[in-house]
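Q:
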Amino acid sequence: MLMRTDPFRELDRLTQQLMGPATWSRPSPMPMDAYREGDEYVVAFDLPGVTADAIDIDVERNMLTVKAERRPTAKADDVQMELSERPLGAFSRQIVLADTLDTERIDAHYEAGVLTLRIPIAERAKRRRIAVGGDTGRKEISG
1 MLMRTDPFRE LDRLTQQLMG PATWSRPSPM PMDAYREGDE YVVAFDLPGV
51 TADAIDIDVE RNMLTVKAER RPTAKADDVQ MELSERPLGA FSRQIVLADT
101 LDTERIDAHY EAGVLTLRIP IAERAKRRRI AVGGDTGRKE ISG
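Number 9 in the numbering used here belongs to position 9 of the sequence shown; there are no gaps in the numbering.
1) Give a yes or no on whether the C-beta atoms belonging to Met32 and Phe45 are separated by under 8 Å.
2) Around the C-beta of Ile95, are 16 or more other C-beta atoms found within 10 angstroms, so that it is buried, or is it exposed?
3) Say whether the stretch 36 to 52 touches the stretch 119 to 138, bearing in mind that this needs 3 or more beta-carbon pairs closer than 8 Å, one atom from each stretch.
4) Does the Cβ of Arg70 have 16 or more other Cβ atoms within 10 Å, making it buried, or fewer, making it exposed?
5) Report buried or exposed for Val50, applying the criterion of at least 16 other Cβ atoms within 10 angstroms of its Cβ.
6) Determine the burial state of Val79: buried for a count of at least 16 other Cβ atoms within 10 Å of its Cβ, exposed for fewer.
7) Please report the distance separating the alpha-carbon of Gly134 from that of Val66.
8) Using only CA atoms, which one of Leu88, Leu83 and Ala76 lies nearest to Pro48?
9) Give the range of the beta strand (DSSP E) segment to which Thr116 is assigned.
10) Quick check on Ala68: buried or exposed, where buried means 16 or more other Cβ atoms within 10 Å of its Cβ?
Here you go:
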């Protein structure tokens, strides 16, 4: 249901290691899982520390784009940061969806740092049984 290969995944990983963490001008990809569950396709994104209002989901034709932003927490004037390892900035992921998915009825739910999208499989793509009809009357050939 999704594009299974990403020819640039390894290159993106190496670039991220060389250039450091993401920034607002250079978004970082977010980890995700995708699987089929019954008549729905489920895509789950890890977005810990992101508020629901900082998530933007957009679908244009068969391209799904998820953008999120982890903002710095407000700190008092007397706070001195000793260690900061949690990345801040923009996160983005684009996924090519198959034509067999119903992008008009996507359901989005965000809980415990996981954004879950449920995308129904279109009726035209579901398996259906086709009855075979035949001629039940006998015809005689005379000559």
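For each residue, glycine too, the CB sits at the ideal point set by N, CA and C.
A: Checking against the coordinates, here is how it stands:
1) Against a cut-off of 8 Å, the Cβ pair of Phe45 and Met32 comes out as a contact.
2) buried
3) Because the criterion of three Cβ pairs below 8 Å is met, the stretch 36 to 52 and the stretch 119 to 138 touch.
4) buried
5) Counting Cβ neighbours within 10 Å, Val50 comes out buried, since at least 16 surround it.
6) exposed
7) 51 Å
8) Leu88
9) Val114 to Pro120
10) Its Cβ being crowded by 16 or more others within 10 Å, Ala68 is buried.
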